[in-house]
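In my numbering, the protein residues as written are 68 to 443.
C-beta: ideal position from N, C-alpha, C; glycine also.
For clarity, every value in this text was computed on a predicted model and none was experimentally measured.
Worksheet: one structure, shown below.
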């Protein structure tokens with residue numbers, strides 16, 4: 068068997084919890100436990116399938132979107148499912164001020180490549196029982212993300228920042244100095260830190276990297292550090308490193324923490340600290356295998372971060388959840404998941420939900436990977 072394929076199979080077995088049984092916490096009504104050793108994943112959501120690209124908890128519900136462009140929510144207490152939009156959802160974001168969904172109402176076909184080249188869009192805000200649309204706006208390109216940064220949402224596109232400028236929600240467009248990379252997999256991971264917005268991209272085997280937008284100047288900059296001459300030398304190489312998570316560094320104000328994760332033939336990942344433009348490796352777990360008389364190194368891929376209370380942060384890798392309060396983390400093996408509708412989830416750790424998605428299959432050989440979602 069090819070060594071890379073073997074490593075992928077090992078990681079997938081870890082994800083399915085084959086290392087041994089783990090006691091389970093009680094699950095809410097409507098969420099049935101999966102039998103130990105179940106050989107195949109559930110069928111997925113009727114609209115989203117198993118290709119979930121983003122999830123968040125808000126108002127007692129789990130909100131999910133994915134490659135199909137649908138938006139679906141599940142009750143966190145009873146598992147009840149509700150479909151909100153069947154398609155055309157670009158991104159969603161939430162804060163203590165509300166839940167917002169960026170979606171298209173009309174797309175303009177591209178003359179140069181398959182798909183759309185911009186169109187008409189709205190930001191829909193959740194009222195508690197339904198969505199209310201903002202005034203529409205037009206863009207000549209596909210938007211990337213909606214950001215819950217301040218009292219009203221912001222919208223990012225590769226060359227434009229949009230903000231609402233009146234009580235009626237009219238939009239102002241500001242050109243960016245520089246270009247934000249687009250994504251063909253999922254919305255970027257975004258972290259606002261005052262006037263700085265960090266944007267992490269996941270392009271699978273094509274890398275992704277990290278950019279930062281200064282809201283005071285509208286300047287886009289790269290955060291990239293290659294300490295060697297190798298093709299994929301890092302610690303942060305936009306050509307090779309998908310950025311899968313961003314959180315503030317609570318031990319060093321003004322700094323952030325980023326996760327990198329990829330499984331494609333082999334696996335690599337690390338946890339990084341970024342202070343201004345300086346990038347350092349906070350944690351990297353190396354695995355060494357012998358194959359055909361050679362030693363081959365891989366590293367643990369990380370697929371998301373979220374802040375921990377009262378300090379530190381959580382990071383998730385296939386089969387393992389890590390708690391960081393310093394440089395040496397505590398690791399917790401993930402037990403078999405439970406089933407929510409047609410999806411796999413894990414709620415064994417209070418305050419966290421881990422959802423298993425196949426969205427990364429579109430750009431790598433990763434198979435099933437974990438998506439880390441903080442609960443309210």
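Here's a check: name, in chain order, each residue in its chain whose Cβ is nearer than 6 Å to the Cβ of residue i, leaving out the five neighbours to either side.
| i | result |
| --- | --- |
| residue 374 | 314 and 380 |
| residue 364 | 353 and 355 |
| residue 288 | 279 |
| residue 351 | 337 and 366 |
| residue 257 | 212, 214 and 266 |
| residue 248 | 268 |
| residue 264 | 280 |
Among the options, which one has its Cα closest to the Cα of residue i?
| i | options | result |
| --- | --- | --- |
| residue 112 | 127, 126, 135 and 124 | 135 |
| residue 202 | 170, 195, 294 and 216 | 170 |
| residue 285 | 328, 240, 208 and 299 | 240 |
| residue 253 | 172, 110, 421 and 120 | 120 |
| residue 126 | 192, 422, 330 and 383 | 192 |
| residue 431 | 290, 277, 309 and 331 | 331 |
| residue 157 | 165, 408, 163 and 222 | 222 |
| residue 132 | 143, 116 and 142 | 116 |
| residue 340 | 245, 384, 329 and 277 | 277 |
| residue 166 | 428, 138 and 110 | 138 |
| residue 204 | 196, 397 and 232 | 232 |
| residue 344 | 321, 110 and 243 | 321 |
| residue 260 | 335, 428, 151 and 216 | 216 |
| residue 382 | 194, 152, 109 and 438 | 438 |
Can you give me the C-alpha to C-alpha distance between residue i and residue j, rounded to a whole angstrom?
| i | j | result |
| --- | --- | --- |
| residue 426 | residue 118 | 4 Å |
| residue 262 | residue 250 | 23 Å |
| residue 147 | residue 418 | 20 Å |
| residue 140 | residue 128 | 6 Å |
| residue 296 | residue 154 | 44 Å |
| residue 372 | residue 342 | 17 Å |
| residue 361 | residue 333 | 15 Å |
| residue 229 | residue 238 | 6 Å |
| residue 114 | residue 199 | 22 Å |
| residue 185 | residue 176 | 8 Å |
| residue 323 | residue 235 | 35 Å |
| residue 303 | residue 433 | 20 Å |
| residue 270 | residue 305 | 10 Å |
| residue 145 | residue 130 | 14 Å |
| residue 346 | residue 142 | 40 Å |
| residue 149 | residue 196 | 11 Å |
| residue 440 | residue 395 | 22 Å |
| residue 218 | residue 161 | 11 Å |
| residue 319 | residue 393 | 11 Å |
| residue 422 | residue 397 | 21 Å |
| residue 409 | residue 242 | 42 Å |
| residue 109 | residue 246 | 40 Å |
| residue 424 | residue 384 | 13 Å |
Taking only beta-carbon positions, decide if residue i is within less than 8 Å of chain C.
| i | result |
| --- | --- |
| residue 327 | Chain labels in this structure do not include chain C; a single protein chain is all it has. |
Please list the terminal residues of the continuous beta strand (DSSP E) segment that includes residue i.
| i | result |
| --- | --- |
| residue 149 | 148–152 |
| residue 250 | Run containing residue 250: none; DSSP gives neither H nor E here. |
| residue 204 | 204–206 |
| residue 376 | Premise fails: residue 376 is in no beta strand (DSSP E) and is neither H nor E. |
| residue 319 | Neither: residue 319 is in no beta strand (DSSP E) and is coded neither H nor E. |
| residue 184 | 183–193 |
| residue 243 | Note, residue 243: premise wrong, no beta strand (DSSP E); not H, not E. |
| residue 271 | Element bounds for residue 271: n/a, residue is neither H nor E. |
| residue 116 | Here residue 116 belongs to no beta strand (DSSP E), and DSSP marks it neither H nor E. |
| residue 226 | From DSSP, residue 226 is part of no beta strand (DSSP E); its letter is neither H nor E. |
| residue 406 | 405–407 |
| residue 340 | 333–342 |
| residue 414 | Residue 414 -> no beta strand (DSSP E), and no H or E assigned at all. |
| residue 260 | 256–260 |
| residue 139 | 138–142 |
| residue 235 | Per DSSP, residue 235 belongs to no beta strand (DSSP E) and is neither H nor E. |
| residue 389 | 387–391 |
| residue 281 | 277–281 |
So, are the CB atoms of residue i and residue j less than 8 Å apart?
| i | j | result |
| --- | --- | --- |
| residue 325 | residue 274 | no |
| residue 436 | residue 369 | no |
| residue 188 | residue 220 | no |
| residue 390 | residue 317 | no |
| residue 442 | residue 420 | yes |
| residue 123 | residue 159 | yes |
| residue 208 | residue 181 | no |
| residue 327 | residue 309 | yes |
| residue 272 | residue 349 | no |
Leaving out five residues before and five after residue i in sequence, what residues of the same chain have Cβ atoms less than 8 Å from its Cβ?
| i | result |
| --- | --- |
| residue 300 | 293 and 294 |
| residue 399 | 387, 388, 389, 390 and 416 |
| residue 244 | 284, 285, 286 and 287 |
| residue 376 | 418 |
Excluding the 5 residues flanking residue i on each side, which residues of the same chain have their C-beta closer than 7 Å to its C-beta?
| i | result |
| --- | --- |
| residue 70 | Per-residue confidence for residue 70 stands at a pLDDT of 41, beneath the threshold of 50, marking its modelled position as unreliable; no derived number is given. |
| residue 173 | 186 and 187 |
| residue 283 | 262 |
| residue 183 | 174, 175, 176, 177 and 209 |
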